[in-house]
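Enquirer:
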Amino acid sequence: MGKFIDLTGKEFGRLKVIKRAENDKYGHSMWWCQCDCLGEDSLKIFKGDNLIRCVSKSCGCWRKDNARILFKKYNTYDLSSKFGIGYTSNTNIMFYFDLDDYSLIKNYCWFEDKDGYIVTHDDIRISMHRLVTSCPDDMEVDHEFHNRYDNRKEFLRIVTRSQNCMNMSLKSNNTSGVTGVCFSKSNEKWYAYIDKEGERINLGYYDNFNIAVKIRRQAEIEYFGEYRYMGEQLSSEKKLS
Ligand SMILES: [Zn+2]
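Under the numbering used here, the first residue of the sequence shown carries the number 12, and numbering increases by one thereafter.
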């Protein structure tokens, strides 16, 4: 054991020695240290030798912070257009945003969640469409054309929950790829329907899928007004080809 050195007031990495603690059972000098982070466990006892040899240099936060920096991926952006283009960190999918939101979104790492929304984690989950619209907690954001990658404000509307339900996207039990149109196995026709306030309205059975879709679209305009869902045209065309 080397000769005793008073470490009081000395700093080692993020640690500042506050006062001496009781020696450990081997007679090593031990010290109460305060970590810079001022976290919950930031006041701890460290062995003097470890402080001097720089083995101990934080309460543990140093390692955590380094891990965070190493694993925190950022998005790549293209700001050369009239609107911003970013790429998700996990799927490398393009997403769009208003250039004036860039300063708001650039400090987060955005990824695509399992439902296709552009989200980030910053202690809590934040979705881009809520962030850029400053959506209140009790309201929802509707993507006008159901393109969840497009978070430009002109295509986002803050709506109530029930308004958003009217504009609901594809349901998991849907077989045609278009909401409100499914294939009826019993009579081998396309069945068009619409749900309004919990009630299912039968729009008829059709041999031709496109006609069933058209009928459903007309019903959306009639029943839902401006909150109808307009974004499915592409996906239904894709299914047919
Ligand atoms: Zn610390």
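Note that beta-carbon positions come from the ideal geometry of N, C-alpha and C, so glycine has one too.
If you draw a straight line from the alpha carbon of Phe94 to that of Tyr160, how long is it in whole angstroms?
Expert: Start at 1 with the first residue of the sequence shown, and residue 94 comes out as number 83. Start at 1 with the first residue of the sequence shown, and residue 160 comes out as number 149. The straight-line gap from Cα to Cα measures roughly 13 Å.
Enquirer: So the alpha helix (DSSP H) Thr144 belongs to, where does it begin and stop?
Expert: Numbered from its first residue, the sequence shown carries residue 144 at position 133. 139-144 is the extent of the alpha helix (DSSP H) around Thr144.
Enquirer: Mind reading off the beta-carbon distance from His140 to Leu167? Whole number of angstroms is fine, and I expect it under 8 Å.
Expert: Within the sequence shown, numbered from 1, the residue matching residue 140 stands at position 129. Within the sequence shown, numbered from 1, the residue matching residue 167 stands at position 156. That belief holds up - the Cβ atoms of His140 and Leu167 are roughly 5 Å apart, short of 8 Å.
Enquirer: Is Val170 near Asp153, with beta carbons less than 8 Å apart?
Expert: Working through the sequence shown from its first residue, we reach residue 170 at position 159. Working through the sequence shown from its first residue, we reach residue 153 at position 142. Against a cut-off of 8 Å, the Cβ pair of Asp153 and Val170 comes out as a contact.
Enquirer: Select from Asn158, Asn198, Arg228 the residue whose C-alpha is nearest the C-alpha of Thr190.
Expert: For the purposes of this step, residue 190 is taken as residue 179 along the sequence shown, with counting starting at 1. Checking every option, the nearest Cα to that of Thr190 belongs to Arg228.
Enquirer: At which residues does the alpha helix (DSSP H) containing Gly127 begin and terminate?
Expert: Position 116 of the sequence shown, counted from the start, is the residue given in the question as residue 127. Looking at the DSSP string, Gly127 is not in any alpha helix (DSSP H), and its letter there is neither H nor E.
Enquirer: Less than 8 Å separating the beta-carbons of Ser53 and Cys65?
Expert: Indexing the sequence shown from 1 puts residue 53 at position 42. Indexing the sequence shown from 1 puts residue 65 at position 54. Result no, Cβ atoms of Ser53 and Cys65 do not sit closer than 8 Å.
Enquirer: Taking the beta carbon of Gly97 as the centre, do at least 16 other beta carbons fall within 10 Å, making it buried, or is it exposed?
Expert: For the purposes of this step, residue 97 is taken as the residue at position 86 of the sequence shown. Answer is buried; the Cβ neighbour count reaches 16.
Enquirer: Going by other Cβ atoms of all chains shown within 10 Å of its Cβ, with 16 needed for buried, is Tyr37 buried or exposed?
Expert: For the purposes of this step, residue 37 is identified with residue 26 of the sequence shown, where counting begins at 1. Exposed: under 16 other Cβ atoms inside 10 Å.
Enquirer: Grab me the residues of Cys48's own chain with a C-beta within less than 8 Å of its C-beta, minus the 5 sequence neighbours each way, in chain order.
Expert: The residue given as residue 48 occupies position 37 in the sequence shown. Excluding residues up to 5 positions away in sequence, Arg25, Ser69, Cys70, Cys72 lie with their Cβ nearer than 8 Å to the Cβ of Cys48 in the same chain.
Enquirer: Under three-state DSSP, which class holds Leu167?
Expert: Within the sequence shown, the letter at position 156 stands for residue 167. In the structure shown, Leu167 sits in a strand (DSSP, three-state: E or B).
Enquirer: Nearest to Ala203 by CA position, among Val224, Ser40, Glu210, Gly209, is which residue?
Expert: By one-based count along the sequence shown, residue 203 stands at place 192. Nearest of Val224, Ser40, Glu210, Gly209 to Ala203, Cα basis: Val224.
Enquirer: When you compare only the Cα positions, how much space is there between Lys58 and Cys120?
Expert: As a first step, residue 58 must be located in the sequence shown, where it is residue number 47. As a first step, residue 120 must be located in the sequence shown, where it is residue number 109. Those two C-alpha atoms are separated by around 38 Å.
Enquirer: How is the alpha helix (DSSP H) around Glu151 delimited, first residue to last?
Expert: Within the sequence shown, numbered from 1, the residue matching residue 151 stands at position 140. In the DSSP assignment, Glu151 falls outside any alpha helix (DSSP H) and within the unbroken beta strand (DSSP E) covering 151-154.
Enquirer: Taking the continuous alpha helix (DSSP H) assigned at Leu110, which residues delimit it?
Expert: As a first step, residue 110 is located in the sequence shown; it is residue number 99 there, counting from the start. No alpha helix (DSSP H) contains Leu110, which DSSP labels as neither H nor E.
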